[in-house]
Amino acid sequence: MSAPDPEHPPPGPSSPEDDRRSSRSIPGDRVSIFDEERRRLKHRLELQELVHTFSDQMRSQRSIDNIARVLTDAVVEITSFRNAMLSILEEDGRTLIGVSSSGHKRTLEIGSRLAKYSIHRIQCDLSTVPAYTEALTTGEIVYHGTKEEIVSTLSALTGLNPGILEIIRRTIRMNLALSVPLYIGDRETGMVPLGVMGISSTKTEVDPEDVRVVQILADQASLAIHNVRLFDRVRRQAKRAEISEGRIRRIMDSAHDMIISYDDSGKVKFANNAIQESSVYSMEGELIDKVTLDRVHPDDQARLVEAYLGLHDNLSIRGMEYRIREPGGDWLTHNINTALVQDENGKVVEVVAFIRDVTLERYGEKEIVRRNTELEILNALLTNLTSDISYREMIDRSLSIITEFTGADMASFISMTGPIEGELNAVGHLWVPDELVELMDERFPMKPETNLFTGTDVQVLTDLDIIPPVYRAQLEKNGIECILSVPVMLKGEVVGYVIGGLKGPLELDEESLAILRAVGDQLGVVFETAKLMLDKEPN
Numbered sequence: 009m010s011a012p013d014p015e016h017p018p019p020g021p022s023s024p025e026d027d028r029r030s031s032r033s034i035p036g037d038r039v040s041i042f043d044e045e046r047r048r049l050k051h052r053l054e055l056q057e058l059v060h061t062f063s064d065q066m067r068s069q070r071s072i073d074n075i076a077r078v079l080t081d082a083v084v085e086i087t088s089f090r091n092a093m094l095s096i097l098e099e100d101g102r103t104l105i106g107v108s109s110s111g112h113k114r115t116l117e118i119g120s121r122l123a124k125y126s127i128h129r130i131q132c133d134l135s136t137v138p139a140y141t142e143a144l145t146t147g148e149i150v151y152h153g154t155k156e157e158i159v160s161t162l163s164a165l166t167g168l169n170p171g172i173l174e175i176i177r178r179t180i181r182m183n184l185a186l187s188v189p190l191y192i193g194d195r196e197t198g199m200v201p202l203g204v205m206g207i208s209s210t211k212t213e214v215d216p217e218d219v220r221v222v223q224i225l226a227d228q229a230s231l232a233i234h235n236v237r238l239f240d241r242v243r244r245q246a247k248r249a250e251i252s253e254g255r256i257r258r259i260m261d262s263a264h265d266m267i268i269s270y271d272d273s274g275k276v277k278f279a280n281n282a283i284q285e286s287s288v289y290s291m292e293g294e295l296i297d298k299v300t301l302d303r304v305h306p307d308d309q310a311r312l313v314e315a316y317l318g319l320h321d322n323l324s325i326r327g328m329e330y331r332i333r334e335p336g337g338d339w340l341t342h343n344i345n346t347a348l349v350q351d352e353n354g355k356v357v358e359v360v361a362f363i364r365d366v367t368l369e370r371y372g373e374k375e376i377v378r379r380n381t382e383l384e385i386l387n388a389l390l391t392n393l394t395s396d397i398s399y400r401e402m403i404d405r406s407l408s409i410i411t412e413f414t415g416a417d418m419a420s421f422i423s424m425t426g427p428i429e430g431e432l433n434a435v436g437h438l439w440v441p442d443e444l445v446e447l448m449d450e451r452f453p454m455k456p457e458t459n460l461f462t463g464t465d466v467q468v469l470t471d472l473d474i475i476p477p478v479y480r481a482q483l484e485k486n487g488i489e490c491i492l493s494v495p496v497m498l499k500g501e502v503v504g505y506v507i508g509g510l511k512g513p514l515e516l517d518e519e520s521l522a523i524l525r526a527v528g529d530q531l532g533v534v535f536e537t538a539k540l541m542l543d544k545e546p547n
């Protein structure tokens, strides 16, 4: 064997640096890598566009069935899952009702089999499957890894005939399935379950990218379904208001007027059964004698006496209302009209009074006005939920509704959902001076020593002396004389307060207080939705 030539040594093992140089020197591989990256990026952009398109379609729907149809079609179209079926929770929180399904037409997978046997119309009891019950409290996806596990879960949920279950087990083509819970909220502030979407695949492994897309679509569907339910609630309230108004009008139409007549000496000539049974008016003296006048509200006595004296001057009473106390002690509102009967010489010889009890009518009018006002405010808040606006705009619009209704000169939304229970967090402000905002940011999350951040009822504070001096100085500097506190409620719990400042006094009657309480309840949903939108907004 000859000795190696020192000028031409044999090739040795290559170093990493040599490999890198070699790879960079092959233009074909470099082009291939770049092409693959471009294809991957193009696919991701197309996927994002499809997700946004389907999300917009779901938000534009006004029925849960249509939202479910868009959701299941989207899952089947843009992921590798072959079938999807959505079921919505009933009010009991445990019964599922199927509303829509979608699947590949050339396969006999779970979706098509369920559709064939009309299983999507069967009620499913979630309490029979502990994994489902837990999923609706944690938001975690439930994975079913085998066909037997899927059929077993279906049997526990529906209690179907074993023969049908065996047919499904033999004919379906799939290797895994997922149950995706639909909900709003989160674990920290509380979750409200809405339903479950079941999806299946013939693959043996789950693509994480597909799961991520499904979760995004499920979140968008949850928000859309929740908004539809809120709209349904407002429609039901409007319908109840309409029914109430119709009932009040029927009472008015069927009411019997009280009729009484007097001669020129003041003696009763005629009194119908209605006025006698009322036991309000005296049957012994004139129309407005001392006994009757003592029952009339003090604020209405002078006006009624003046009108009665005008009868002697041939001045009839037309549509005068006054308050009069019944024997039981309640105040009634009566409306009186009179007709004057004259002799041939024009002398008044008889006065006929027609008296109608309009208490229910007046109460009904106030109630209708209150309900209409409440519905207008709730509709304005619901517009926030379905408008394509940002988190900040949603909070600002909600505050502007409060200020418009109360006449407040400034308002702040203070959240009570800090990391530590009871901490304050200034979520949003409207017309609040920068100095006061900076002061709150500096002092929070500690509570000021006032009762503005306690309780579940609307409060009005006129004694600013109980407010800590550092806050009171800023309020007085801006001319604030009165503070309003409206609790923001979610599922019966206080999640924050809207604090309003007014440069003048604020008087709230029972109707206004009821409206503000209803607005506070609705603001809790707005706040929860706003937080969901904030989580989905791009950084």
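Numbering (our numbering), first residue to last: 9 to 547. Cβ atoms here follow ideal geometry from the backbone N, Cα and C, with glycine treated the same way.
Inset, instruction - Within the same chain, show all residues whose beta-carbon is closer than 7 Å to that of I72, passing over the 5 residues directly before and after it, in chain order. - result: Counting from 1 along the sequence shown, the entry for residue 72 is found at position 64. Same-chain partners within the cutoff: I96, V107, I233, V236.
Inset, instruction - Have a look at the DSSP bridge pairing and note the partners of D194. - result: Residue numbering aside, residue 194 sits at position 186 when the sequence shown is read from its first letter. As a beta-bridge residue in DSSP terms, D194 pairs with G198.
Legend entry - Identified DSSP bridge partners for Q223: Taking the sequence shown and counting its residues from 1, one reaches residue 223 at position 215. Partner(s): none; Q223 has no beta bridge.
Inset, instruction - Could you check which residue in E431, I376, A361 has the C-alpha nearest to that of N345? - result: Walking along the sequence shown from the start, residue 345 turns up at place 337. Of the listed residues, the one whose Cα sits closest to N345 is A361.
Legend entry - Same chain, Cβ closer than 7 Å to L540, neighbours up to 5 away in sequence not counted: The sequence position of residue 540 within the sequence shown is 532, counting from 1. Excluding sequence positions up to five before and after L540, its CB lies within less than 7 Å of the CB of I192, L231, all in the same chain and listed in chain order.
Inset, instruction - Mind checking which residues open and close the beta strand (DSSP E) that includes F89? - result: Locating residue 89 in the sequence shown gives position 81, where the first residue counts as 1. First-last for F89: undefined, no H or E at that position.
Legend entry - Neighbourhood of Y607 by C-beta distance below 7 Å, restricted to the same chain and skipping five residues each side: Nothing about residue 607 can be read from this structure; the chain reaches only from 9 to 547.
Legend entry - Cβ contact check for the stretch 505-516 and the stretch 412-420: 3 or more pairs under 8 Å: yes
Legend entry - Terminal residues of the alpha helix (DSSP H) in which R400 lies: Your numbering for residue 400 matches position 392 in the sequence shown. Where R400 is concerned, the enclosing alpha helix (DSSP H) stretches over 399-414.
Legend entry - I325 - containing alpha helix (DSSP H), residue span: Counted from its first residue, the sequence shown places residue 325 at position 317. Annotation: I325 is outside any alpha helix (DSSP H) and is labelled neither H nor E by DSSP.
Inset, instruction - Answer yes or no: do V204 and L225 have a C-beta to C-beta separation smaller than 8 Å? - result: Here residue 204 is taken as the residue at index 196 of the sequence shown, counted from 1. Here residue 225 is taken as the residue at index 217 of the sequence shown, counted from 1. Not a contact, by the Cβ cut-off of 8 Å.
Legend entry - Bridge partner(s) assigned by DSSP for Y140: As a working note, residue 140 is residue 132 in the sequence shown. Note: Y140 sits in no beta bridge, so no partner.
Inset, instruction - With DSSP as the reference, label G337 as helix, strand or coil. - result: For the purposes of this step, residue 337 is taken as the residue at position 329 of the sequence shown. Correct three-state label for G337: coil.
Inset, instruction - Identify, in the order they occur along the chain, each residue of the same chain with its Cβ nearer than 7 Å to the Cβ of G528, setting aside the five sequence neighbours on each side. - result: Within the sequence shown, residue 528 is the residue found at index 520, counting from 1. Within the same chain, Cβ atoms closer than 7 Å to the Cβ of G528 are found at V494, P495, V496, M497, the five residues on either side in sequence being excluded.
Inset, instruction - Quick one: give me the first and last residue of the beta strand (DSSP E) that M418 is part of. - result: Taking the sequence shown and counting its residues from 1, one reaches residue 418 at position 410. Here the beta strand (DSSP E) through M418 covers 418-423.
Legend entry - Closest residue to G463 among T87, Q350, D240, G500 (Cα-Cα distance): Within the sequence shown, numbered from 1, the residue matching residue 463 stands at position 455. Cα-wise, what sits closest to G463 is G500.
Inset, instruction - Give the C-beta separation of I267 and V276 to the nearest angstrom, bearing in mind that I take them to be a contact with Cβ-Cβ under 8 Å. - result: Sequence index remark: in the sequence shown, residue 267 carries index 259 (1-based). Sequence index remark: in the sequence shown, residue 276 carries index 268 (1-based). About 11 Å; that fails the 8 Å criterion.
Legend entry - Extent of the continuous beta strand (DSSP E) run through L469: The residue labelled residue 469 in the question sits at position 461 within the sequence shown. Start and end: 467-469.
Inset, instruction - Leaving aside the five residues before and after G532 along the sequence, list all residues of the same chain whose C-beta is less than 6 Å from its C-beta, in chain order. - result: Taking the sequence shown and counting its residues from 1, the one referred to as residue 532 is at position 524. Its chain contains V496, M497, L498, V503 as the residues whose beta carbon lies nearer than 6 Å to that of G532, once the 5 sequence neighbours on both sides are disregarded; these appear in chain order.
Inset, instruction - Please check the pair H548 and I332, which I expect to be a contact at CB under 8 Å, by giving their CB distance rounded to whole angstroms. - result: In the structure displayed, the chain extends from 9 to 547; residue 548 sits before or after that span and is not available.
Inset, instruction - With DSSP as the reference, please indicate the residues paired to D365 in a beta bridge. - result: On the sequence shown, residue 365 is found 357 positions in, with the first residue counted as 1. H342, per the DSSP bridge assignment.
Legend entry - Cut-off 7 Å between Cβ atoms - residues of its own chain near L521, not counting five sequence neighbours on either side: Here residue 521 refers to the residue found at position 513 when the sequence shown is read from its first residue. Excluding residues within five positions, the ones whose Cβ falls inside 7 Å are V466.
Legend entry - Residue range of the unbroken beta strand (DSSP E) whose run includes Y505: Position 497 of the sequence shown, counted from the start, is the residue given in the question as residue 505. That run of the beta strand (DSSP E) goes 501-510.
Legend entry - 7 Å Cβ shell around H437 - same chain, five flanking residues per side excluded: What you label residue 437 is simply residue 429 of the sequence shown in a count that begins at 1. Closer than 7 Å at Cβ, skipping near neighbours: S420, V445.
Legend entry - The beta strand (DSSP E) enclosing T271, as first and last residue numbers: To locate residue 271, count along the sequence shown from 1; it is residue 263. Correcting the residue identity first, residue 271 is Asp in this sequence and not Thr. D271 -> beta strand (DSSP E) spans 266-271.
Inset, instruction - Have a look at A185 and E45 and give me their C-alpha separation to the nearest angstrom. - result: In the sequence shown, residue 185 corresponds to position 177, counting from 1. In the sequence shown, residue 45 corresponds to position 37, counting from 1. Taking the straight line from one Cα to the other gives about 31 Å.
Inset, instruction - Would you kindly check if the distance between the Cβ of N380 and the Cβ of A249 is under 8 Å? - result: Taking the sequence shown and counting its residues from 1, one reaches residue 249 at position 241. Taking the sequence shown and counting its residues from 1, one reaches residue 380 at position 372. It is a contact, given that the beta carbons lie within the stated cut-off.
Inset, instruction - Locate the alpha helix (DSSP H) running through N281, then write down its first and last residues. - result: The residue labelled residue 281 in the question sits at position 273 within the sequence shown. Where N281 is concerned, the enclosing alpha helix (DSSP H) stretches over 281-286.
Inset, instruction - Spatial neighbours of K374 within its chain, please: CB distance less than 7 Å, with the 5 preceding and 5 following residues excluded, ordered by chain position. - result: The residue you call residue 374 lines up with position 366 of the sequence shown. Non-local C-beta neighbours of K374 in its own chain, meaning closer than 7 Å and more than five positions away in sequence, comprise E519, ordered along the chain.
Legend entry - Start and end residues, beta strand (DSSP E) containing P513: Within the sequence shown, numbered from 1, the residue matching residue 513 stands at position 505. P513 -> no beta strand (DSSP E), and no H or E assigned at all.
Legend entry - Chain-order list of residues whose beta-carbon lies under 7 Å from that of T161 (same chain, five-residue window excluded): On the sequence shown, residue 161 is found 153 positions in, with the first residue counted as 1. Closer than 7 Å at the Cβ level, and outside the excluded window around T161, lie V137, H152.
Inset, instruction - With DSSP as the reference, label E213 as helix, strand or coil. - result: For the purposes of this step, residue 213 is taken as residue 205 along the sequence shown, with counting starting at 1. Coil, per DSSP.
Legend entry - S71, DSSP secondary structure in three states: Walking along the sequence shown from the start, residue 71 turns up at place 63. Correct three-state label for S71: coil.
Legend entry - Residue nearest to D351 in terms of C-alpha spacing, selected from R47, K247, D308, D271: Residue numbering aside, residue 351 sits at position 343 when the sequence shown is read from its first letter. Among R47, K247, D308, D271, the Cα nearest to that of D351 belongs to D271.
Legend entry - F278 - partner residues in DSSP beta bridges: By one-based count along the sequence shown, residue 278 stands at place 270. Its beta-bridge partners are S269.
Legend entry - Nearest neighbour of V313, chosen from D297, S88, G327 [CA to CA]: Counting from 1 along the sequence shown, the entry for residue 313 is found at position 305. Selected option, being the one with the closest Cα: D297.
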